[in-house]
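Protein chains in written order, with our numbering: chain S, 1 to 292; chain E, 293 to 675. The C-beta atom is built at its ideal place from N, Cα and C for all residues, glycine as well.
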Amino acid sequence: MMHRREWIYGWLFLSPALLFLFTFTHYPAVKTVFSSFFSTPRGRRPEEFIGLENYRTLIQDEVFWQVLMNNFWFAVGTIPASIGIALAMALWVNSRLKGRTLSRVAFFAPTVLPLIAVANIWMFFYTPGFGLIDQLRSGLFGLPAGNILGNPDSVLAAMIVVAIWKEAGFFMIFYLAALQSIPPVLREAADVEGASSFYYFRKILFPLLMPTTLFVSINAIINSFRLVDHIFVMTDGGPDNASSLLLFYIYEVAFKYWQTGYAATLTVVMLVLLSILAIGQFFLFDRKVHYQ
Amino acid sequence: MALSRSRISTTDLQRCGIVQCMEDSHVEGQAISLKQVSKFWDGEPAVDCIDLEVEPGTFTVLLGPSGCGKSTSLRIIAGLEAADEGQVIIGGKQVNQLPPAQRDIAMVFQSYALFPHLTVAENILFGLRVRRTPKDEQQQRLLQTANLLGLTDYLKRRPSQLSGGQQQRVALGRAIIARKPVCLMDEPLSNLDAKLRNTMRMEIRDLQQSLGFSMVYVTHDQAEAITMADQVVLMRNGGIEQSGTPREIYEKPASAFVAGFIGTPPMNLLEAGDLMAAVSTGTNDQHSNLTVGIRPEHVRLSDTAGVKAHIEHVEYLGADVLLDCRIGGSKLLARIEGHTNLQARSDVRLVWHPDNMHFFGSDNGVRLAGAPAGFHDLFTSMS
Chain S
1 MMHRREWIYG WLFLSPALLF LFTFTHYPAV KTVFSSFFST PRGRRPEEFI
51 GLENYRTLIQ DEVFWQVLMN NFWFAVGTIP ASIGIALAMA LWVNSRLKGR
101 TLSRVAFFAP TVLPLIAVAN IWMFFYTPGF GLIDQLRSGL FGLPAGNILG
151 NPDSVLAAMI VVAIWKEAGF FMIFYLAALQ SIPPVLREAA DVEGASSFYY
201 FRKILFPLLM PTTLFVSINA IINSFRLVDH IFVMTDGGPD NASSLLLFYI
251 YEVAFKYWQT GYAATLTVVM LVLLSILAIG QFFLFDRKVH YQ
Chain E
293 MALSRSRIST TDLQRCGIVQ CMEDSHVEGQ AISLKQVSKF WDGEPAVDCI
343 DLEVEPGTFT VLLGPSGCGK STSLRIIAGL EAADEGQVII GGKQVNQLPP
393 AQRDIAMVFQ SYALFPHLTV AENILFGLRV RRTPKDEQQQ RLLQTANLLG
443 LTDYLKRRPS QLSGGQQQRV ALGRAIIARK PVCLMDEPLS NLDAKLRNTM
493 RMEIRDLQQS LGFSMVYVTH DQAEAITMAD QVVLMRNGGI EQSGTPREIY
543 EKPASAFVAG FIGTPPMNLL EAGDLMAAVS TGTNDQHSNL TVGIRPEHVR
593 LSDTAGVKAH IEHVEYLGAD VLLDCRIGGS KLLARIEGHT NLQARSDVRL
643 VWHPDNMHFF GSDNGVRLAG APAGFHDLFT SMS
């Protein structure tokens, strides 16, 4: 009898969280999959089951493929760079240098700023003619003014730089926390044995930071699909969809063109992609990660 | 102790299988000396102008209460801290400017400092791999070291899968595999339980003697120091209070501080006035600036003569009884052998041999050469 009662208590304790999780996460996700097999309801015409029709549209949708590729390059551009820079900054501000509190604050500042504000700062940097970058270009090298955000070849790279600038400071905090939990005596033990800084980093520090790297890289992947605020402010996905990312495209399809059925289909693609990436990463990394 | 020492070395030799094992690993210990070394933290001296000599191949223990500068001194020898003043000399060479790796030392840390993600074998081999020792030699030395320390079955495990004692052995293994002429240990046994600490004490001492390196060993445990050391260096407030063999430190403490630090329980320190008052009738002011030391184990009970004392507590230790007595304003612990039926809150008379008394100045605590007039005669007549 006692066991049965405890079992009920367990569920009672879980229920508030479960209720919210089901209402706002699981139910919408299932409903999205469900909606992706239906047409978009309009006016007097209710939604009707159309099977895989939305998926056929998706495969034939050139914009979808372009956006997917954009997102791929956006991920490739932001994830390794932001993690690498975060680690480098963390190592730097973890060392005994003067003014390290100031540099910690400076590195973390972009994270505290809302992405909309960050986007506005970078709009100024990128402004053709009198923006910071063009002023440097013409002032230092005598190059003509360029329109970085107006050029389909450079706009995605510009978005990547903004995302890295925003994210690296955030990831740095996790690395910094991990670094501070590593006892300094390990460094001393390595010093006594004559290990160079690089050897120590490669053989000791980096492997001990692996749990953090796993956590940070999963976050980075999710963020590479999730962070689209700056696209709204800076480019609106243009020019010619060159800076449009999957989530931004889903937003456009759902709330600009009001094709909710097709938007649901795109969302399913994104959910599947994210799940595969997260699960894959977990299995791939897990063997190499040592948890203390 | 002698018995267990020989037991361990013979079994280890057998475990090794190769009789040369020990001779292979034997190293020439090097002398270490600190000359007028000081280290300051924010202007406050942590190590205050100390001189220290360690003979090659000997075991020196830096002993003292926490904050006395013993760990800092060790770290200065290791090169993990720089000496602000003075010379650090290892093997006849001044090493002040050299990084730890170039001082030809090995070190065992209090927390062991094992790399948690590496296996036991990788931890032990760390230094050899850093220095790119040939693979065959690495394996050969790993097996020797693992044999010596009884770690052969654990080589593939991670430190977190080992007990505290086994982790300690891995740390030892990492230190001795490189056959460095100097080994430094910073309170290596303080994280172990009492029983294991006793066995590891013996093993570390055996290792040092059979391998032949010079050892500098830091501890706050005086029993550890007395049992292990060739030379005990007792530190206090950044300076050296006394250095000498365990016997010298025990039998001729240079100050009241040393006397009160060494021994289990340590020496009793009594005001001479209290003692005189308890022996003879009438007060005696001529010894007011004197502290008398007497070890608990030297105190005996007497039926007739002796110092009048009041027993406050009786502590039964099995073979001995520890009497917690009061003599005037001073306290005295007496360790009485065998069975007694003494009760707390009763009066007794205590005697001791006059040669067992130590005398210190009350103001500076410095040892006085001999018994002041009157004292010796008084106690001779008693015993």
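Min CB distance residue i to chain E below 8 Å
| i | result |
| --- | --- |
| residue 221 of chain S | no |
| residue 208 of chain S | yes |
| residue 199 of chain S | yes |
| residue 183 of chain S | yes |
| residue 186 of chain S | yes |
| residue 177 of chain S | no |
| residue 8 of chain S | no |
| residue 278 of chain S | no |
| residue 85 of chain S | no |
| residue 216 of chain S | no |
| residue 195 of chain S | yes |
| residue 189 of chain S | yes |
| residue 192 of chain S | yes |
| residue 173 of chain S | no |
DSSP state of residue i mapped onto helix, strand, coil
| i | result |
| --- | --- |
| residue 309 of chain E | Note on residue 309 of chain E: pLDDT 41, under 50, position unreliable in the model; no value is reported. |
| residue 233 of chain S | helix |
| residue 352 of chain E | strand |
| residue 339 of chain E | strand |
| residue 619 of chain E | strand |
| residue 502 of chain E | helix |
| residue 322 of chain E | coil |
| residue 333 of chain E | strand |
| residue 36 of chain S | coil |
| residue 533 of chain E | strand |
| residue 560 of chain E | strand |
| residue 130 of chain S | coil |
| residue 50 of chain S | coil |
| residue 297 of chain E | For residue 297 of chain E, the pLDDT reaches just 42, beneath the cut-off of 50, and the residue's location in the model is therefore unreliable, leaving the point undetermined. |
| residue 164 of chain S | helix |
| residue 274 of chain S | helix |
| residue 159 of chain S | helix |
| residue 469 of chain E | coil |
| residue 377 of chain E | strand |
| residue 148 of chain S | coil |
Residue i and residue j closer than 8 Å at C-beta
| i | j | result |
| --- | --- | --- |
| residue 614 of chain E | residue 603 of chain E | no |
| residue 419 of chain E | residue 391 of chain E | no |
| residue 598 of chain E | residue 641 of chain E | yes |
| residue 625 of chain E | residue 545 of chain E | no |
| residue 581 of chain E | residue 653 of chain E | yes |
| residue 378 of chain E | residue 530 of chain E | no |
| residue 465 of chain E | residue 437 of chain E | yes |
| residue 462 of chain E | residue 434 of chain E | no |
| residue 619 of chain E | residue 601 of chain E | yes |
| residue 404 of chain E | residue 453 of chain E | no |
| residue 49 of chain S | residue 37 of chain S | yes |
Strand pairing of residue i, partner residues [DSSP]
| i | result |
| --- | --- |
| residue 607 of chain E | E/614 |
| residue 365 of chain E | None, per the DSSP bridge assignment. |
| residue 547 of chain E | E/658 |
| residue 508 of chain E | E/352, E/476 |
| residue 601 of chain E | E/640 |
| residue 625 of chain E | E/616 |
| residue 651 of chain E | E/584 |
| residue 344 of chain E | E/326 |
Test: residue i CB closer than 8 Å to a CB of chain S
| i | result |
| --- | --- |
| residue 287 of chain E | As shown, chain E starts at 293 and ends at 675. That puts residue 287 of chain E outside it, with no answer to give. |
| residue 363 of chain E | no |
| residue 418 of chain E | yes |
| residue 399 of chain E | yes |
| residue 392 of chain E | yes |
| residue 413 of chain E | no |
| residue 462 of chain E | no |
| residue 433 of chain E | no |
| residue 499 of chain E | no |
| residue 422 of chain E | yes |
| residue 663 of chain E | no |
| residue 308 of chain E | Low local confidence applies: a pLDDT of 44 at residue 308 of chain E is under 50, so the model's placement there is unreliable, and no value is given. |
| residue 594 of chain E | no |
Just to confirm the assignment: which complete beta strand (DSSP E) runs, minimum length 3, are found wholly within the segment 62 to 106 of chain S? none
Unbroken stretches of the beta strand (DSSP E), 3 residues or longer, contained in the segment 171 to 255 of chain S: none
Just to confirm the assignment: which complete alpha helix (DSSP H) runs, minimum length 4, are found wholly within the segment 401 to 427 of chain E? 412 to 422
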